[in-house]
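Residues -17 to -1, 1 to 221 (mature numbering (1 follows the signal peptide of the UniProt record, and there is no 0)) are what the sequence shown spells out, left to right. The beta carbon of each residue, even a glycine, is placed where N, CA and C say it ideally should be. Predicted, not measured: the structure shown is a model, and the values here were computed from it. Contents: one structure, followed by commentary.
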Amino acid sequence: MVLFSLVASLLAAYAVAAPAADIVPRLDSAEGALLQTGEGRHGGFFYSFWSDHYAPKSSDVGPILYRNLEGGRYKVQWGEGTGNFVAGKGWNSTDADKRRSVTYSGTFSATGTSYLSLYGWMKTTSTKLNVEYYIIDDWIKYHPGQGDKIVGTIETDGGVYDIHIGNRWAQGMEPSWRRIFSVRREKRTAGTITAEKHFAAWKALGQTFDRHMYSVLAVEGYHSTGEADVTVLDYQSA
Ligand SMILES: *[C@@H]1O[C@H](CO)[C@@H](O)[C@H](O)[C@H]1NC(C)=O
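Below, the structure is given as structure tokens:
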């Protein structure tokens, strides 16, 4: 589901693939185990690691190295040959509806298209279009809302975010899902994201969604190379 929709959206969003760069991931074998793509619980958080390429076995040095570290911390390093991946820690539908803000800090550097965002999916029963959302605090080269025009702005958490909304098509004439982006003008890699303010602003723009499937403070890369070390410090209930 996520795999197919992300691939389709990227095909739609990128006319030209980003050139490969040359960061080679360093393997710090002393730190947590490398993971295959998948999801689960670690350090008290839900985590999700998705890739359209492949994830290495723990004994391999592959292009995407993802590790769950203590608590809300994770580390991802990606090298040449990386396709598209999204990885991070947060929460899923078991508890998501109560989680309305997140505080995080991290380091994030990359040589091509990549973003640091609060990323999630919401079920929408009324319009049938589920919502894939990004609250983007930092991005490099290209951000995924760029193909959709700005329909509003929101000022929160010490910054201004531009809101982009667009549909995506997996196949055929009918849209398959909706994507909503809040993109921060003053980039940062630490702070609090008061997600409920974004949800309220999106609703005021006529968007509907009924419940969360999951939400992660995520690093995404698209044919780029880079590394990130991110810690989700806290999340607050509404
Ligand atoms: C939330 O994620 C955990 C870990 O993957 C999983 O066991 C659980 O079933 C998920 N909850 C829901 C409601 O999907």
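Residue nearest to Asp217 in terms of C-alpha spacing, selected from Phe182, Gly155, Gly204 and Ser88: Ser88
Paired residues, beta bridge with Glu53 - DSSP: Bridge partners of Glu53: none, in fact.
beta-carbon Glu22 near ligand 1 non-hydrogen atom, thresh 8 Å: yes
Close beta carbons around Gly64, own chain, < 6 Å, minus the five adjacent residues each side: Pro46.
Range of the contiguous beta strand (DSSP E) that encloses Phe29: Phe28 to Ser34
Nearest-angstrom Cα separation, counted from Gly15 out to Val166: 32 Å
Ranges of the beta strand (DSSP E) found wholly within the region 84 to 121, counting only runs of at least 3: 97 to 106
Buried or exposed by the 16-neighbour rule on C-beta atoms within 10 Å, applied to Ala187: exposed
Cβ-heavy atom distance, Phe68 to ligand 1, below 8 Å: no
Cβ-based burial, Arg50 [other Cβ within 10 Å; buried from 16]: buried
Sequence-distant residues of the same chain with beta carbon closer than 6 Å to Lys124, five excluded per side: Leaving aside the five residues that flank Lys124 on each side, the residues in its chain whose CB is nearer than 6 Å to its CB run, in chain order, Gly95 and Thr96.
Which listed residue (Gly73, Trp152 and Glu138) has its alpha carbon closest to that of His195: Of Gly73, Trp152 and Glu138, the residue nearest in Cα terms is Gly73.
As assigned by DSSP and simplified to three states, the class of Trp74: Here Trp74 carries a strand assignment [DSSP, helix/strand/coil].
Three-way DSSP call (helix, strand, coil) for Glu179 in this model: helix
Nearest to Ser109 (by Cα), restricted to the options Glu138, His25 and Phe192: Phe192
Phe192, enclosing beta strand (DSSP E) - first and last residue: Element bounds for Phe192: n/a, residue is neither H nor E.
Segment limits, beta strand (DSSP E) that includes Thr136: Ile133 to Thr139
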